[in-house]
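Here the structure is laid out as structure tokens; the discussion comes afterwards.
Number of protein chains: 2
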Amino acid sequence: MSQVGSGGTADAHRQPDADGTAGARRVTLQDVAARAGVSRALVSIVVRNAPGASEATRARVMAVAGDLGYRPDVNARLLARRRSRLLGVTVQLGHPFHADVVTSLYDSAEEQGYELALSATGPGRDERRAVDALLGYRSEALILLAGDAPEAALAAVGRRVPAVVVARRVRSTAVDVVRTADDIGVRQAVAHLVALGHTAIAHVDGGRAAGAADRRHGYRTAMRRHRLAQRVVTGGQSEEDGARAGRQLLDSGPPTAVICYNDRCAVGLMDVLIRAGIRVPEDISVIGFDDSHLARLSHINLTTVAQDVTEMAALTVRRLVERLEGSPAHLERESVLPPHLVIRGSTGRLRPARADGLRTS
Amino acid sequence: MSQVGSGGTADAHRQPDADGTAGARRVTLQDVAARAGVSRALVSIVVRNAPGASEATRARVMAVAGDLGYRPDVNARLLARRRSRLLGVTVQLGHPFHADVVTSLYDSAEEQGYELALSATGPGRDERRAVDALLGYRSEALILLAGDAPEAALAAVGRRVPAVVVARRVRSTAVDVVRTADDIGVRQAVAHLVALGHTAIAHVDGGRAAGAADRRHGYRTAMRRHRLAQRVVTGGQSEEDGARAGRQLLDSGPPTAVICYNDRCAVGLMDVLIRAGIRVPEDISVIGFDDSHLARLSHINLTTVAQDVTEMAALTVRRLVERLEGSPAHLERESVLPPHLVIRGSTGRLRPARADGLRTS
DNA sequence: ATGAAAGCGCTAACAT
DNA sequence: ATGTTAGCGCTTTCAT
Numbered sequence: 001m002s003q004v005g006s007g008g009t010a011d012a013h014r015q016p017d018a019d020g021t022a023g024a025r026r027v028t029l030q031d032v033a034a035r036a037g038v039s040r041a042l043v044s045i046v047v048r049n050a051p052g053a054s055e056a057t058r059a060r061v062m063a064v065a066g067d068l069g070y071r072p073d074v075n076a077r078l079l080a081r082r083r084s085r086l087l088g089v090t091v092q093l094g095h096p097f098h099a100d101v102v103t104s105l106y107d108s109a110e111e112q113g114y115e116l117a118l119s120a121t122g123p124g125r126d127e128r129r130a131v132d133a134l135l136g137y138r139s140e141a142l143i144l145l146a147g148d149a150p151e152a153a154l155a156a157v158g159r160r161v162p163a164v165v166v167a168r169r170v171r172s173t174a175v176d177v178v179r180t181a182d183d184i185g186v187r188q189a190v191a192h193l194v195a196l197g198h199t200a201i202a203h204v205d206g207g208r209a210a211g212a213a214d215r216r217h218g219y220r221t222a223m224r225r226h227r228l229a230q231r232v233v234t235g236g237q238s239e240e241d242g243a244r245a246g247r248q249l250l251d252s253g254p255p256t257a258v259i260c261y262n263d264r265c266a267v268g269l270m271d272v273l274i275r276a277g278i279r280v281p282e283d284i285s286v287i288g289f290d291d292s293h294l295a296r297l298s299h300i301n302l303t304t305v306a307q308d309v310t311e312m313a314a315l316t317v318r319r320l321v322e323r324l325e326g327s328p329a330h331l332e333r334e335s336v337l338p339p340h341l342v343i344r345g346s347t348g349r350l351r352p353a354r355a356d357g358l359r360t361s
Numbered sequence: 001m002s003q004v005g006s007g008g009t010a011d012a013h014r015q016p017d018a019d020g021t022a023g024a025r026r027v028t029l030q031d032v033a034a035r036a037g038v039s040r041a042l043v044s045i046v047v048r049n050a051p052g053a054s055e056a057t058r059a060r061v062m063a064v065a066g067d068l069g070y071r072p073d074v075n076a077r078l079l080a081r082r083r084s085r086l087l088g089v090t091v092q093l094g095h096p097f098h099a100d101v102v103t104s105l106y107d108s109a110e111e112q113g114y115e116l117a118l119s120a121t122g123p124g125r126d127e128r129r130a131v132d133a134l135l136g137y138r139s140e141a142l143i144l145l146a147g148d149a150p151e152a153a154l155a156a157v158g159r160r161v162p163a164v165v166v167a168r169r170v171r172s173t174a175v176d177v178v179r180t181a182d183d184i185g186v187r188q189a190v191a192h193l194v195a196l197g198h199t200a201i202a203h204v205d206g207g208r209a210a211g212a213a214d215r216r217h218g219y220r221t222a223m224r225r226h227r228l229a230q231r232v233v234t235g236g237q238s239e240e241d242g243a244r245a246g247r248q249l250l251d252s253g254p255p256t257a258v259i260c261y262n263d264r265c266a267v268g269l270m271d272v273l274i275r276a277g278i279r280v281p282e283d284i285s286v287i288g289f290d291d292s293h294l295a296r297l298s299h300i301n302l303t304t305v306a307q308d309v310t311e312m313a314a315l316t317v318r319r320l321v322e323r324l325e326g327s328p329a330h331l332e333r334e335s336v337l338p339p340h341l342v343i344r345g346s347t348g349r350l351r352p353a354r355a356d357g358l359r360t361s
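And the structure:
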């Protein structure tokens, strides 16, 4: 209550610019203890809501703490505690799927009484750097989401601390893996398209991206089973990659349906196609992967293979916690979750005759 | 010394799953010191690369540290140091502009010898929570990027620790602000369109989002100056908002040019327009804001108002460092950076006659 | 129920 | 150049 505005009991009210420098001395446990007339240990008990303090003291201490604007120092806490209860996460900034996963991770972690430490990868900052930072923060375990470290590096990490690699296949047994059955997802996508009457189904793959090999394999297998001609175009994980593939498809005569490595790729592809006058889904059906928020946008309305993000996050955290707390219920290192197809508006029944093909501007 | 582990130089090589639980005991300074036969202080000096150790010792200690896989504990370091040199950042995951800013912040911070702590906001996790986490980590100063906290809360934060709000206007003098001259950006956009012959220029605004009011105001002012009729449509900061606005524009007869609150909004709008058979830029010109990587995608190729992200990041960090280190060169609390228009392919000269308008499907 | 004391892993004077 | 000694802010036995 006292924290909101400018008034209150005023200790917290400071003038950072009065002296130019903002010597914001931290309010410590000691301060609270002194003011409340008790020992630090007792204050510790109270603020942690641990047993061992009378209601009266509890109330008084809490009041003082609030008054002073006391905020526990997480670091000191970690240092003093045997355990840090910190889970480190490497994430690729600006990647919708990662954003979704992290959001779920926050929930799962909190549920289990753990905190999350984030470290971003990006241009000039690879997963290795991110991992180093996380380890330096005393993360007890790592969640590798960024996906751009070589397998050997991942294995090395797994040998130091419990780690789970999310949404990526890894051979090494040094790390746990929680991923989606990518091949099955693509298989479902193919089946859906076949049921709609499509036969000319292309796959814009993800190149060397996480899961790309499996998705490609799933496509090949499914097409073979349906006795259909395969057509794989090199794509990638970004919109730009999808756009490039789209242009290539345009040049070489587009199929009637495309399954893309992921939603971002599909969006890039669709953009190029639509700008060329090809209608989705009337002229061509498009399927993405991830069911990220991109796919759900009303105007995109993309049929896509959904990964069960919530379950992946929950499983990831549970797995790590089990390892950390020594109750290895799961002995297998790999969990493969089934995906499911979310049918939206970007796929449709094959029209006997193509409307008008390209509209030459 | 007996604690080092299982002997040999291969101490770092562990089998986390041998016993089910991964009791990964940390390698401490003490361990290295014992093994190298020197004091902890000396090891500390060496690993920090601080002056006060002979080359010989330095080499030996480093070798041992490498052998043991020693990794300094950032927390303990922070706790022991007078200063933490940690800058906390609230960021909205999955927001392209934020991703760009954070990337630059990492660079600027490193340059100044500071580290970044990230805390994400998202569904079920507001900026307040993120700030709490950051403060708990002992951040010496805060960089508020997420932008969804009420002003009063921001002011409260600024009163506790040096803070700069990025890319958002704030009245309170309790926080520093580094932002772009949003109104000027939009003014440049209008000028560009007018030069191309446009007169029916609409603005899809950002509602209550950061900077939206200024951009709206810039639009109104510019249009008034050019003696053009104003048309403001409610938008928002996401693709979805842009799409909605696009549909509205479609219903009520589209203008010949649109200036959007940001790139994401512009992309959503364009998608809807293009799907309706309207060509960009032949039939309608579209301008975004931010020059995020979205705008640079080859198929989007969006004319947009660029914010100087690099400079914003540098300024933000410098400002904070100045306050922290007591050299308040800048007394003003607010820095407003000039934006500049990046002309790409989504804007073009007005065609005298409209091609064919909507293509009724 | 409360307090005293011993660390957690590190840095920073201050000796030597 | 190297070692000693205090802490940093907190948790945790162990007494009282």
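Protein chains in written order, with this note's numbering: chain W, 1 to 361; chain P, 1 to 361.
Where a beta carbon is used, it is the ideal one built from N, C-alpha and C, also for glycine.
DSSP places W/Ile287 within a strand segment (E or B) once states are collapsed to three. Contact annotation, W/Val177 with W/Arg187: C-beta distance approximately 20 Å; criterion of less than 8 Å not satisfied.
CA-to-CA, the gap between W/Val101 and W/Val267 works out to about 20 Å. Within chain W, no residue has its CB atom less than 9 Å from the CB of P/Leu154, the nearest being about 12 Å off.
For P/Ala210 against P/Ala156, the beta-carbon gap comes to about 18 Å, at or over 8 Å, which does not count as contact. A check of alpha carbon separations from W/His217 across W/Ile343, W/His198, W/Val190 and W/Gly69 identifies W/Val190 as the nearest. One Cα belongs to W/Asn262, the other to P/Pro162, and the distance between them is close to 41 Å.
Assignment of P/Ile143 by DSSP, reduced to helix, strand and coil, places it in the strand class. Taking C-beta atoms as the reference points, P/Ala130 and P/Ala120 count as a pair closer than 9 Å. Beta-bridge analysis with DSSP links P/Glu115 to P/Leu86.
In the structure shown, P/Glu55 adopts helical secondary structure according to DSSP, grouped into three states. Just so you know, the alpha carbons of W/Ile287 and W/Arg247 end up roughly 17 Å apart. The residue from P/Ala243, P/Leu196 and P/Thr173 with its alpha-carbon nearest to that of P/Asp205 is P/Ala243.
Per the Cβ contact rule, the stretch 91-101 of chain P is not in contact with the stretch 55-71 of chain P (fewer than 3 Cβ pairs under 8 Å). Per DSSP, the unbroken beta strand (DSSP E) holding P/Ala202 starts and ends at Ile201 to Val204.
Only buried fits P/Asp290, as 16 or more other CB atoms lie within 10 angstroms of its CB.
Closest by C-alpha distance to W/Ser335, out of W/Ala53, W/Ala109, W/Arg179 and W/Gly158, is W/Arg179. Against chain P, the CB of W/Asn75 has a partner CB under 9 Å away; the residue lies at that interface.
Within the stretch 268-297 of chain W, contact with chain P at the beta-carbon level (separation under 7 Å) is assigned to Gly268, Asp271, Val272, Ile274, Arg275 and Leu297. The C-beta distance from P/Thr303 to P/Thr256 rounds to 14 Å, too long to meet the 8 Å contact threshold. Sequence-distant partners of W/Arg83 (beyond 5 residues in either direction) whose C-beta falls short of 7 Å from its own C-beta, in its chain, are Glu140.
With its beta carbon at least 9 Å from every one in chain W, P/Arg344 lies outside the interface.
Between W/Arg81 and P/Glu127, the alpha-carbon positions lie close to 28 Å from each other.
Inter-residue distance for P/Gln112 and P/Val317 is about 8 Å (C-alpha atoms, whole angstroms).
Closer than 9 Å at the C-beta level to chain P, one finds these residues of the stretch 240-261 of chain W: Glu240, Gly242, Ala243, Arg244, Gly246 and Arg247. Taking each of W/Ile45, W/Pro281, W/Asn301 and W/Glu239 in turn and checking the Cα distance to W/Gly197, the smallest one comes out for W/Pro281. DSSP, read as helix, strand or coil, puts W/Leu228 in coil.
Distance from the CA of W/Leu250 to the CA of W/Glu240, rounded to the nearest whole angstrom, comes to 15 Å. In the three-state DSSP reduction, P/Arg129 falls in the helix class (H, G or I). Thr103, Tyr106, Asp107, Glu115, Leu116, Ala117 and Leu118: these are the residues of the stretch 103-118 of chain W whose beta carbon lies less than 9 Å from some beta carbon of chain P, given in chain order. The C-beta of P/Ile300 comes closer than 9 Å to at least one C-beta of chain W. Rounded to whole angstroms, the Cβ separation of P/Leu144 and P/Val165 is 5 Å, and the two are in contact under 8 Å. Taking the beta carbon of P/Arg125 as reference, the chain W residues within 7 Å of it are Tyr106, listed in sequence order. Note: P/Thr303 is bridge-paired with P/Ile287 in the DSSP secondary-structure output. By the Cβ-count criterion, W/Asn75 is buried, with 16 or more other Cβ atoms from all chains shown falling within 10 Å of its own Cβ. Distance check between P/Arg279 and each of P/Leu350, P/His192, P/Val305 and P/Leu315 places P/Leu350 closest, using alpha-carbon atoms only.
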